[in-house]
Amino acid sequence: MNKICVIGNSVAAPRTAEEAPLAGWGQYLGGFLGPRYEVRNYARDAMTLRRYFTGRFATLLTALAPGDMVFLAFGNVEQRINQLNRHHGPREYKEYLRLYAEAIRGEGAIPVLLTPAARCAFDEAGNVVNTHDEYPGLTREAAAETGSPLIDTTALTTNMLAELGPTRARRLYRWLDPGEHPNHPDGIIDASHFNDVGAREVARRVAISMLDTAGLPPNTVDPQTLAAGTIPPVLAEFTVSRPELALTMTPSVPEGPVVVSPAPGEIVGAARKLTGKAPAGTGYVLFYEQGRYLGGTTVSPSGTWQWRRVVNWPAGPHIVDVLGVTGNAVSPTAVAEFHVLDRLDPPEVTGPRPDGWCGPRPRFSGTAAPGTQKVMVLEQGRLIAEAPVQEDGTWRVTHAHDWRPGTYEVQFVSVFSAIRSPAVSHPLRVHGVPEDSWLNTSLSSREPCSGSCEHYPAMPEW
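Residue numbers (the working numbering): 6 to 467.
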């Protein structure tokens, strides 16, 4: 019997009953395979190409046998440019995929590259939103360049979401109203991870794709197992009868819902959720904008609620009316007022001056547009530092290691939530002792000295 080893992040990872309804598609894949194959699911939360390569990959290679397959399901985590320890720039991402493919093939096994699964995100027109930037394309390029089979999970799941539309698609994800599942009495809004129904459907579509994927062994999938599941029903919030009438009713409940977040006037992202509290007895909370019904949610036993629109908020200011319903009575209206950003301008870099020289420990500084949380610093596409943006819009950061003398190009990117600006490039000219100077080569027999050393020969201290 041959193995199909799944490595990747939390979207594919196996789950326990205590984590229900959270499920990874990798745990259902075995149900669609022929008798000659078994699945070993090694996907883990927050796993990246870099972390797995230097950690568990050697053990996996040792366990591989000729004819095995390794499914590389990455891309959901590596795109996060706001996380220094997880982000992989485009070149680094493709280079790791190449190294994986070569090592797996060296053991007689077959590397199979998978693009990341789509998140549950729609625009106002009902189109599925790409939330993975260029990473699905990078995976496709890496598959072509390494001659590896490709399963386009991004395309499979995007089509799945488009078929269901925004009023049903969320039922495949771990996105629950309060009271829907005992493991989440207060509800949970998770547009990235699937529930058991969604995970099985993704695994089924992956298996269907395997039937026609060039480079995979024949008879890997059992076609008799591929019958489609049932279409999930329309969300409860879209079965409310004539919800606009509630706005015309005279409030007969003394207290209404309270909006906890976002704060009044807060700058938020397009996928921002609203949270709050409701008086005892409130059964449902309704949301409107300019008299138009947007959706609703139940209230938890503890009196809290959380709700996110099934389509992304368009950019600009929003005033949302929030109304509580108790039996046939309605409450006074609360208001959620916020401003949505869907794009950011690049940061302005004011230091070091592009036409000047600096020492080996330069301090980068500048200003950023309103809403920017931090500025990320990159060299050759790789993250090297981050700078929090202050209330006055300024930022500054000094890298922990000295720069060698020379001329460099450094890139800067503004970040807010999941939004990133285009990169702006800034020249850096570093003055110092050249690497081949006798001041350096005369000390090559020992570990390098620094300016803080108290012995001789003394090194320059910047």
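All C-beta atoms, glycine included, are put in the ideal place defined by N, C-alpha and C.
Through-space distance from residue 226 to residue 48, alpha-carbon basis: 21 Å
Kindly list the residues whose CB is nearer than 6 Å to the CB of residue 240, restricted to its own chain and excluding five residues on each side of it in sequence; keep chain order. 172
Exposed or buried, which one is residue 358 when buried takes at least 16 other CB atoms within 10 Å? exposed
Supposed contact pair residue 334 and residue 258 - C-beta distance, whole angstroms, cut 8 Å: 5 Å
Please list the terminal residues of the continuous beta strand (DSSP E) segment that includes residue 383. 379-384
Report the start-end ranges of each alpha helix (DSSP H) in the stretch 119-195 that is 4 residues or longer and not cut off at the edges. 140-151, 158-169
Whole-angstrom distance between residue 223 and residue 87, CA atom to CA atom: 42 Å
What's the gap between the Cα of residue 291 and the Cα of residue 380? 37 Å
Starting from residue 400 and walking both ways along the beta strand (DSSP E), at which residues does that stretch end? 399-403
Three-way DSSP call (helix, strand, coil) for residue 246 in this model: coil
Residue 426 beta carbon less than 7 Å from that of residue 415: no
Which residue or residues does DSSP assign as beta-bridge partners of residue 287? DSSP lists no partner for residue 287.
Bounding residues of the alpha helix (DSSP H) (the contiguous stretch that carries residue 62): 62-68
Backbone CA spacing between residue 390 and residue 14 [nearest angstrom]: 24 Å
With DSSP collapsed to three states, give me the class of residue 53. coil
Residue 450 - DSSP class collapsed to helix/strand/coil: coil
What do you reckon, are the CB atoms on residue 394 and residue 377 nearer than 7 Å? yes
Using the C-alpha atoms, what's the distance from residue 440 back to residue 405? 19 Å
Kindly list the residues whose CB is nearer than 8 Å to the CB of residue 364, restricted to its own chain and excluding five residues on each side of it in sequence; keep chain order. 435, 436, 437, 467
In this structure, does DSSP put residue 445 in helix, strand or coil? helix
Keeping to the same chain, check which residues put their C-beta closer than 7 Å to that of residue 230; ignore five residues upstream and five downstream. 36, 37
Contact the stretch 296-307 vs the stretch 189-197: 3+ CB pairs below 8 Å: yes
Spatial neighbours of residue 468 within its chain, please: C-beta separation below 8 Å, excluding the five flanking residues on both sides. Limits of the chain in this structure are 6 at one end and 467 at the other, which puts residue 468 out of reach.
Determine the extent of the alpha helix (DSSP H) in which residue 206 is found, giving its start and end residues. 201-216
Tell whether a beta-carbon distance below 7 Å holds between residue 339 and residue 261. yes
What separation, rounded to the nearest whole angstrom, lies between the Cα atoms of residue 124 and residue 83? 15 Å
For residue 105, which residues from the same chain have a beta carbon less than 8 Å from its beta carbon, with the 5 sequence-adjacent residues on both sides left out? 54, 58, 62, 75, 77, 116
N- and C-terminal bounds of the beta strand (DSSP E) containing residue 433: 429-435
Cβ of residue 93 within 7 Å of Cβ of residue 85? no
Hey, how far is the Cα of residue 294 from the Cα of residue 337? 15 Å
Out of 65, 370, 158, which one is the CA nearest neighbour of residue 140? 158
With DSSP as the reference, label residue 79 as helix, strand or coil. coil
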